[in-house]
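J.: Have a look at this one before I ask anything.
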Amino acid sequence: MDELVSAGAPEFFSDSGAPGGPGAAVAAARGLRRMAGVVPFGVYMALGLGAPLVAVAIGAFQSPNGGFTLGNVRIATHGEYLHGFAQSIELSVVAAVVPGILGLLIAYSIWTAKRGSILRQVAITASGVFANFGGVPLAFLFIATLGSSGLATRWLNDLGFNPYQHGFSLYSLSGVVVVYMYFQIPLMVLVILPALEGLRPAWREAAANMGARTWQYWRHVGGPVLMPSFLGCVLLLFGSSLSAYATAQAMTSGTIALTPIQIGTFLNGNVVAGQQNVGKALGLGMVIIIAIAMGIYVVLQRRSARWLQ
Amino acid sequence: MAAVDTIAAGEPGAAGTAHGRARPRSGRRDGFTPWRWLILILAGAYFLIPLYAALRFAGWGSFGSVIHQSGFAGSLGLSVRLAVITTVITLALMLPTAVYVHLRLPRLRRLLEGITILPIVIPPIVLIVGLLQVAPGFLKSTPYLLALEYVVLAMPFAYRSIDAGLRSFDLKTLVEASNSLGAGWASTLRRVVLPNLTTALLSATVLTVALVLGEYTMASLDLYQTFPVWIVVFDQTSGPISVAASLLALFVTWLVLLAITMLGGRHARRTGGGEVALFSVARRDTGRTS
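Line by line, the protein sequences give chains Y and A.
Here the first sequence stands for residues 2 to 310, numbered as in the numbering used here.
Here the second sequence stands for residues 8 to 297, numbered as in the numbering used here.
Structure, rendered in structure tokens:
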């Protein structure tokens, strides 16, 4: 069972509690010495990941002359910035759940193809490449495809269905979701595949031997087993689309208020005097949103772990 | 048809055991049913049509003229240098750490997995804001600060590839055998561990390179003209050529990645090791796991 869960993608919180009881001090000393091997990694992450985050958190509460203030946070949680947060969250939830489900289906189709087949290798390597695709090039791909005079738009128009006459626009939130799926689905495929490896063929056989139909197998065996990994992967997708900057910038160019773009404008120097640190408050807000999402993930995961028992 | 395929494929490990032969991926229940074809065809259409549309827009001529554009060589050179530095540091940091954790601190594996996931979910834009705040001046004035931070971004991909590779063979037994035969640590790492990790290290390398060659957010906000930044800047000069450049980058990375996994797959079949596929690793022995 342990192997099963660790085969799944993100496991955020481990329960490797410290050993207690007699001899705990000796064990702790030995444990400390054994930790020496991970010190370089730990230090690098502390400097490269921890320090910038701490700087953002401190800066969020600093006025331009260095004093403490709540002004940045007040500005960041009102008006256009609050609107930016709301739209960012809305976009990220949709752009996590929809590609999450589609990615799972595609990953399952790939996984059941025979090992070493061309289809499988092309699909998996393509996922590795497309998951890192984004920005202006990606935006362009879709402008050429689903823009008002794009290729697919013309095809659909020839079939008598013009999406632009039915409320669709590439530059609206729904259009941006379609674009985000281009890197979100491959990311999902990459991270959910290891979890699929955790589904033992023997369980399927056992279920079939006991007369279970396909949907019964998924309802009672496959689904519950995959659920924790699936939730973890969807959370990862949520983070990924929340942080997308290049693509959002290229797609919306200011038509939709999104938090990463707003932070970018602070770095580019378009700042009202006295508001230099509002960008950091917005950054802190994003980190808090991620932390809340992780909290929800832990709760859901506990619940699904209970189903598993 | 699908059932015949599955049996004829003779998956390594699976064919030998009764378990393997009775795998439920047979045609009746789980083979290439119509809905599976439908999913793959729809996915194929979604991913290929935009590529085709962009290809048509760029035109074949643009591909030839990409390399002659001003700024192309300089920006690509910078991106390649950043990719090399990032890859070297990432592997030098992650390989020993992953091996050490597997051998000595298996309980830390989950924690490490959790930490290495953070760079994916924490917005790069927040990281760069903080980084420009705390980085010392001598680093801020060079583009190589980017390489140092890309190591953090590449960590999830590198760690997961290496971790999958380490799980595909019995590291502990091999290391113990090597040590009891009198080999020192350096010798064990070089002659026992590394040869078994070839595919995983290649995957880690390619994923890292793909990430660095495509990273835009940090580079543009740090005001250095890496290849992705150049593509965007150049887009204002000539759209078709800029699109051709990005398509070229996409296809080359894909081909390299494909070549690596295919070579790795052949290597794995020959040696009987597990197949490493970027993040995941196929089990060698299906009977043992149930």
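Beta carbons are placed, not taken as given, at the ideal position from N, Cα and C, and that holds for glycine.
For clarity, every value in this text was computed on a predicted model and none was experimentally measured.
1) Cβ closer than 7 angstroms: which chain A residues qualify as neighbours of leucine 268 of chain Y?
2) Throw me the rounded Cβ distance for the proline 150 of chain A and leucine 142 of chain Y pair, which I believe falls under 8 angstroms.
3) Could you tell me which uninterrupted alpha helix (DSSP H) segments, each at least 4 residues in length, are contained entirely in the segment 244 to 268 of chain Y, listed from first to last along the chain?
4) Using the Cα positions of arginine 201 of chain Y and phenylalanine 145 of chain A, report the straight-line distance between them to the nearest angstrom.
5) Have a look at proline 103 of chain A and leucine 118 of chain A and give me their C-alpha separation to the nearest angstrom.
6) Indicate the three-state DSSP secondary structure (helix, strand or coil) for glutamine 243 of chain A in the structure shown.
7) How far does the alpha helix (DSSP H) with histidine 109 of chain A in it reach, from first residue to last?
8) Residues of chain Y with CB closer than 9 angstroms to the CB of threonine 149 of chain A, please, in chain order.
9) What's the call for aspartate 242 of chain A, buried or exposed, on a 16-neighbour Cβ count within 10 Å?
10) For leucine 105 of chain Y, which residues of its own chain have a beta-carbon under 7 angstroms away from its beta-carbon, when the five flanking residues on both sides are left out?
11) Say whether chain A places a C-beta atom closer than 8 angstroms to the C-beta of serine 170 of chain Y.
12) Answer with yes or no whether the minimum CB distance from methionine 252 of chain Y to chain A is below 8 angstroms.
13) Should aspartate 177 of chain A be labelled buried (16 or more other beta-carbon atoms within 10 Å of its own) or exposed?
14) Report yes if the CB atom of alanine 108 of chain Y is closer than 8 angstroms to the CB atom of leucine 197 of chain Y, and no otherwise.
15) Got a sec, what are the start and stop residues for the alpha helix (DSSP H) glutamate 120 of chain A sits in?
16) Short of 7 angstroms Cβ to Cβ, which residues in the segment 247 to 265 of chain A face chain Y?
17) Grab me the residues of alanine 294 of chain Y's own chain with a C-beta within less than 8 angstroms of its C-beta, minus the 5 sequence neighbours each way, in chain order.
18) Helix, strand or coil for glutamine 302 of chain Y per DSSP?
19) In chain Y, what lies closer than 7 angstroms to glutamate 156 of chain A by C-beta?
20) Does the beta carbon of glycine 38 of chain Y come closer than 8 angstroms to any beta carbon on chain A?
21) Would DSSP call phenylalanine 69 of chain Y helix, strand or coil?
22) Could you tell me whether the Cβ of leucine 364 of chain A comes closer than 8 angstroms to any Cβ of chain Y?
23) Whole angstroms are fine: how far does the CA of alanine 153 of chain Y sit from the CA of arginine 36 of chain A?
24) Helix, strand or coil for glutamine 63 of chain Y per DSSP?
25) What would DSSP say about alanine 190 of chain A, mapped onto helix, strand or coil?
26) Using CA atoms only, rank isn't needed, just tell me which of Y/Ile102, Y/Trp216, Y/Val222 is closest to tryptophan 204 of chain Y.
27) Taking proline 138 of chain Y as the reference, give the member of A/Ser249, A/Leu262, A/Val263, A/Phe258 with the closest Cα.
28) Around the Cβ of aspartate 159 of chain Y, are there at least 16 other Cβ atoms within 10 angstroms (buried) or fewer (exposed)?
29) Are the CB atoms of alanine 251 of chain Y and proline 261 of chain Y within a distance shorter than 8 angstroms?
30) Does the beta carbon of asparagine 133 of chain Y sit closer than 8 angstroms to a beta carbon anywhere in chain A?
31) Let me know if phenylalanine 69 of chain Y comes out buried or exposed under the rule of 16 or more other beta-carbons within 10 Å of its beta-carbon.
32) Name the chain Y residues that come within less than 8 angstroms of tyrosine 231 of chain A, Cβ to Cβ?
33) Using a Cβ-Cβ distance cut-off of 8 angstroms, determine whether alanine 211 of chain Y contacts chain A.
34) Could you tell me the distance, in whole angstroms, from the CA atom of leucine 208 of chain A to the CA atom of glycine 68 of chain A?
35) Give me the residue from Y/Gly286, Y/Phe134, Y/Arg35, Y/Leu259 with the minimum Cα distance to threonine 78 of chain Y.
36) Which of the three DSSP states, helix, strand or coil, is assigned to valine 273 of chain Y?
T.: According to the structure shown:
1) For this step, residue 268 of chain Y is matched to residue 267 along the first sequence. Per Cβ cutoff of 7 angstroms: Val136, Leu228.
2) As a first step, residue 150 of chain A must be located in the second sequence, where it is residue number 143. As a first step, residue 142 of chain Y must be located in the first sequence, where it is residue number 141. In this structure, proline 150 of chain A and leucine 142 of chain Y do not form a Cβ contact; the two beta carbons are roughly 28 angstroms apart against a cut-off of 8 angstroms.
3) Those alpha helix (DSSP H) runs which fall completely within the segment 244 to 268 of chain Y and span 4+ residues are 247 to 253, 260 to 268.
4) Translated into positions along the first sequence, residue 201 of chain Y becomes position 200. Translated into positions along the second sequence, residue 145 of chain A becomes position 138. If you take the alpha carbons of arginine 201 of chain Y and phenylalanine 145 of chain A, they lie about 54 angstroms apart.
5) Taking the first residue of the second sequence as position 1, residue 103 of chain A is located at position 96. Taking the first residue of the second sequence as position 1, residue 118 of chain A is located at position 111. If you take the alpha carbons of proline 103 of chain A and leucine 118 of chain A, they lie about 16 angstroms apart.
6) Position 236 of the second sequence, counting from 1, holds the residue named residue 243 of chain A. Three-state DSSP puts glutamine 243 of chain A in coil, outside helix and strand.
7) The count along the second sequence starts at 1 and reaches residue 109 of chain A at position 102. It spans 79 to 111 - the alpha helix (DSSP H) in which histidine 109 of chain A sits, taken as one unbroken run.
8) On the second sequence, position 142 is the one that residue 149 of chain A refers to. Within 9 angstroms Cβ-Cβ: nothing; threonine 149 of chain A doesn't reach chain Y, min ~16 angstroms.
9) Your numbering for residue 242 of chain A matches position 235 in the second sequence. Aspartate 242 of chain A should be labelled buried.
10) Counting from one through the first sequence, the residue named residue 105 of chain Y turns up at place 104. If we look at leucine 105 of chain Y and ignore the five residues flanking it on each side, its Cβ neighbours are Met189, Ile193, Phe231.
11) Within the first sequence, residue 170 of chain Y is the residue found at index 169, counting from 1. It does not; no Cβ of chain A falls within 8 angstroms.
12) The residue given as residue 252 of chain Y occupies position 251 in the first sequence. No, methionine 252 of chain Y does not count as interfacial toward chain A.
13) Working through the second sequence from its first residue, we reach residue 177 of chain A at position 170. By the neighbour-count rule (16 or more Cβ atoms within 10 Å), aspartate 177 of chain A is not buried but exposed.
14) Position 107 of the first sequence holds residue 108 of chain Y. Position 196 of the first sequence holds residue 197 of chain Y. Yes, Cβ-Cβ distance for alanine 108 of chain Y and leucine 197 of chain Y is below 8 angstroms.
15) In the second sequence, the residue the question calls residue 120 of chain A occupies position 113. Per DSSP, glutamate 120 of chain A belongs to the alpha helix (DSSP H) from 116 to 128.
16) Val250, Ser253, Leu257, Thr260, Trp261, Leu264, Leu265
17) Along the first sequence, read from residue 1 onward, the residue named residue 294 of chain Y stands at position 293. Result list for alanine 294 of chain Y: Leu236, Phe239, Gly240, in chain order.
18) Along the first sequence, one-based indexing puts residue 302 of chain Y at 301. Reduced to three states, the DSSP call for glutamine 302 of chain Y is helix.
19) Residue 156 of chain A sits at position 149 when you count from the first residue of the second sequence. Here the neighbours are Gly49.
20) To locate residue 38 of chain Y, count along the first sequence from 1; it is residue 37. Chain A, which has a Cβ nearer than 8 angstroms to the Cβ of glycine 38 of chain Y, makes this yes.
21) Your numbering for residue 69 of chain Y matches position 68 in the first sequence. Three-state DSSP puts phenylalanine 69 of chain Y in a strand.
22) With chain A covering only 8 through 297, there is no way to say anything about residue 364 of chain A.
23) As a position in the second sequence, residue 36 of chain A is number 29, starting the count at 1. As a position in the first sequence, residue 153 of chain Y is number 152, starting the count at 1. Bear in mind that a pLDDT of 44 at arginine 36 of chain A, under 50, signals an unreliable position, so the model cannot answer this.
24) The count along the first sequence starts at 1 and reaches residue 63 of chain Y at position 62. Look at glutamine 63 of chain Y here: in three-state DSSP terms it is strand.
25) Residue numbering aside, residue 190 of chain A sits at position 183 when the second sequence is read from its first letter. Residue state, collapsed to three classes: coil.
26) Counting from one through the first sequence, the residue named residue 204 of chain Y turns up at place 203. Closest option to tryptophan 204 of chain Y, Cα to Cα, is Y/Val222.
27) Counting from one through the first sequence, the residue named residue 138 of chain Y turns up at place 137. For proline 138 of chain Y, the nearest C-alpha among the options comes from A/Ser249.
28) Indexing the first sequence from 1 puts residue 159 of chain Y at position 158. So aspartate 159 of chain Y ends up on the exposed side.
29) Counting from 1 along the first sequence, the entry for residue 261 of chain Y is found at position 260. Counting from 1 along the first sequence, the entry for residue 251 of chain Y is found at position 250. It is not a contact, given that the beta carbons lie outside the stated cut-off.
30) For this step, residue 133 of chain Y is matched to residue 132 along the first sequence. Chain A contact via Cβ: present.
31) As a first step, residue 69 of chain Y is located in the first sequence; it is residue number 68 there, counting from the start. Flag for phenylalanine 69 of chain Y reads exposed.
32) Counted from its first residue, the second sequence places residue 231 of chain A at position 224. Near tyrosine 231 of chain A there are no residues of chain Y at all, since even the closest Cβ is about 13 angstroms away, more than 8 angstroms.
33) Working through the first sequence from its first residue, we reach residue 211 of chain Y at position 210. Correcting the residue type first, residue 211 of chain Y is methionine in the shown sequence and not alanine. With 8 angstroms as the cut-off, methionine 211 of chain Y does not count as an interface residue toward chain A.
34) Within the second sequence, residue 208 of chain A is the residue found at index 201, counting from 1. Within the second sequence, residue 68 of chain A is the residue found at index 61, counting from 1. One C-alpha to the other measures close to 37 angstroms.
35) By 1-based counting over the first sequence, the position of residue 78 of chain Y is 77. The alpha carbon of threonine 78 of chain Y has as its nearest neighbour, out of Y/Gly286, Y/Phe134, Y/Arg35, Y/Leu259, the alpha carbon of Y/Gly286.
36) Indexing the first sequence from 1 puts residue 273 of chain Y at position 272. Coil.
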